[in-house]
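Here's the structure we're looking at; comments come further down.
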Amino acid sequence: MVNVLSNKNTTTNNPPEKGLLARIRVASTALSRAERQVADFLLQKPHDALEMSIRVLAQVCNVSEPTVARFAQSLGFDGFKSFKLAFAKSLATGIPYLHLDVNQADQVKDVLPKVFDRTIAALMEARNNANSATFEAAVNLLARARRIECYGLGYSGALAIDAQLKFFRFGIPTTVFCDAHLQAQSASLLNSDCLVVAFSRTGRTRDLIRSVQLAKDTGAKVLVLCASGGPLAELADVHISVDVEEDPDIYTPMTSRLAHLTYIDALAVAVTLLRGPAAIDMLERAKASISEKRLVSKLDEVN
1 MVNVLSNKNT TTNNPPEKGL LARIRVASTA LSRAERQVAD FLLQKPHDAL
51 EMSIRVLAQV CNVSEPTVAR FAQSLGFDGF KSFKLAFAKS LATGIPYLHL
101 DVNQADQVKD VLPKVFDRTI AALMEARNNA NSATFEAAVN LLARARRIEC
151 YGLGYSGALA IDAQLKFFRF GIPTTVFCDA HLQAQSASLL NSDCLVVAFS
201 RTGRTRDLIR SVQLAKDTGA KVLVLCASGG PLAELADVHI SVDVEEDPDI
251 YTPMTSRLAH LTYIDALAVA VTLLRGPAAI DMLERAKASI SEKRLVSKLD
301 EVN
């Protein structure tokens, strides 16, 4: 399994430095209680933590020094020293979020730029955290599959539908299931030539985990797009980490879905390139088949 909980850089054996606060927030749910105390302090007072040695940080978090070291290792670092260096670079280059939040004091005219800015920030965060080796492995899975099934529940069902609309144009039989019962039944009938692509924000939805496990039991391959650290990621043959810090404010829509949609687009483009001229010809024929269904514009008439 290609696990990207640590999201390791493919060239340096160290995790990428950007977006570390978002990764800490996502990973904190899977940490021990003592390690979570370290995570909470770093999230609340990141700049204060930069000035602290491992001994001082352990004291203020009321934990032992080995606990701080284990926390760093849980995020994929060799130790506290390499974590602290990456943490400092992350704070220096990361994208600020606080001023992007919508609040009750805002006027209507403030909403549009804030939502746009937060969306752009979320996409930049996802891009900075992207792992090229994992992405390439996902592309290879899609290109080799004889059948693709896209799974998602709730909001993630819309992501699965979008993926099916993109992937069926590969010329590979592709279906989508957004109902837990239908997912389970279909998953149990797959084989080793099939690929399940599962979408989830948290990676902790019980019904989706069960469906993916049934698919694994048949020998099917599994590509998962979800946050790091959850049980769904552990089932994946390839796991694309989508670690986007969600705004807890009720006014702001979930931005993680936009990162998922961008990954879907990128996967579709990359698979087309990998499969070569035949795939491009297939896309052209698919587009040509619906051209007559559009009204001709005046510009088209001139040309």
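For the sequence shown, UniProt numbering gives the first residue as 1, with consecutive numbering after it. All residues carry an ideal CB built from backbone N, CA and C; glycine is no exception.
Helix, strand or coil at residue i according to DSSP, with G and I counted as helix
| i | result |
| --- | --- |
| residue 344 | Nothing about residue 344 can be reported from this structure: the residues present for the chain run from 1 to 303 only. |
| residue 51 | coil |
| residue 69 | helix |
| residue 195 | strand |
| residue 223 | strand |
| residue 238 | strand |
| residue 209 | helix |
| residue 134 | helix |
| residue 140 | helix |
| residue 182 | helix |
| residue 104 | coil |
| residue 306 | Nothing about residue 306 can be reported from this structure: the residues present for the chain run from 1 to 303 only. |
| residue 285 | helix |
| residue 80 | helix |
| residue 190 | coil |
| residue 85 | helix |
| residue 90 | helix |
| residue 217 | helix |
| residue 316 | Within the shown structure, residues of the chain are numbered from 1 to 303, placing residue 316 beyond reach of any answer. |
| residue 12 | Annotation note: pLDDT 35 at residue 12 (below 50); position unreliable, coordinate value reported separately. Coil. |
| residue 97 | Residue confidence is low: residue 97 scores 46 on pLDDT, short of 50, so the model does not pin down where it sits. Its coordinate-derived value is still stated next. Three-state result, residue 97: coil. |
| residue 60 | helix |
| residue 75 | coil |
Extent of the continuous alpha helix (DSSP H) run through residue i
| i | result |
| --- | --- |
| residue 272 | 256-275 |
| residue 116 | 108-129 |
| residue 24 | 20-27 |
| residue 37 | 33-44 |
Terminal residues of the beta strand (DSSP E) in which residue i lies
| i | result |
| --- | --- |
| residue 167 | Residue 167 -> not in any beta strand (DSSP E); alpha helix (DSSP H) instead, spanning 155-167. |
| residue 176 | 174-177 |
| residue 147 | 147-151 |
Within-7 Å CB hit, residue i to chain D
| i | result |
| --- | --- |
| residue 36 | Among the chains of the structure shown, chain D does not appear; only one protein chain is present. |
C-beta atoms of residue i and residue j nearer than 7 Å
| i | j | result |
| --- | --- | --- |
| residue 224 | residue 236 | yes |
| residue 200 | residue 241 | no |
| residue 256 | residue 26 | no |
| residue 160 | residue 152 | yes |
| residue 163 | residue 197 | yes |
| residue 56 | residue 138 | no |
| residue 203 | residue 233 | yes |
| residue 174 | residue 148 | yes |
| residue 264 | residue 109 | no |
| residue 304 | residue 34 | The displayed coordinates of the chain run from 1 to 303. Any statement about residue 304 would go beyond what the structure contains. |
Whole-Å CB distance - residue i paired with residue j, under 8 Å assumed
| i | j | result |
| --- | --- | --- |
| residue 125 | residue 22 | 6 Å |
| residue 285 | residue 170 | Going by Cβ atoms, the distance from residue 285 to residue 170 rounds to 13 Å, so no, they are not a contact pair. |
| residue 20 | residue 87 | 6 Å |
| residue 335 | residue 214 | In this structure the chain extends from 1 to 303, so residue 335 is not present and cannot be described. |
| residue 50 | residue 75 | Actually they do not touch by this definition, with Cβ atoms about 16 Å apart. |
Handout entry: Stretch-stretch touch, CB-based, cutoff 8 Å, three pairs: the stretch 131-144 with the stretch 269-278
Key = With a cut-off of 8 Å on Cβ pairs, the stretch 131-144 is in contact with the stretch 269-278, counting three or more such pairs.
Problem - the stretch 219-227 touching the stretch 187-201, judged by at least three CB pairs closer than 8 Å - result: Taking 8 Å as the limit for Cβ pairs, the verdict is that the stretch 187-201 does touch the stretch 219-227.
Handout entry: Contact between the stretch 50-67 and the stretch 33-42 (3+ Cβ pairs under 8 Å)
Key = With three or more CB-CB distances shorter than 8 Å, the stretch 50-67 counts as touching the stretch 33-42.
Practice task
Inspect the CB distances between the stretch 120-134 and the stretch 75-87 and report whether three or more fall short of 8 Å.
Solution key: They do not touch, by the three-pair rule.
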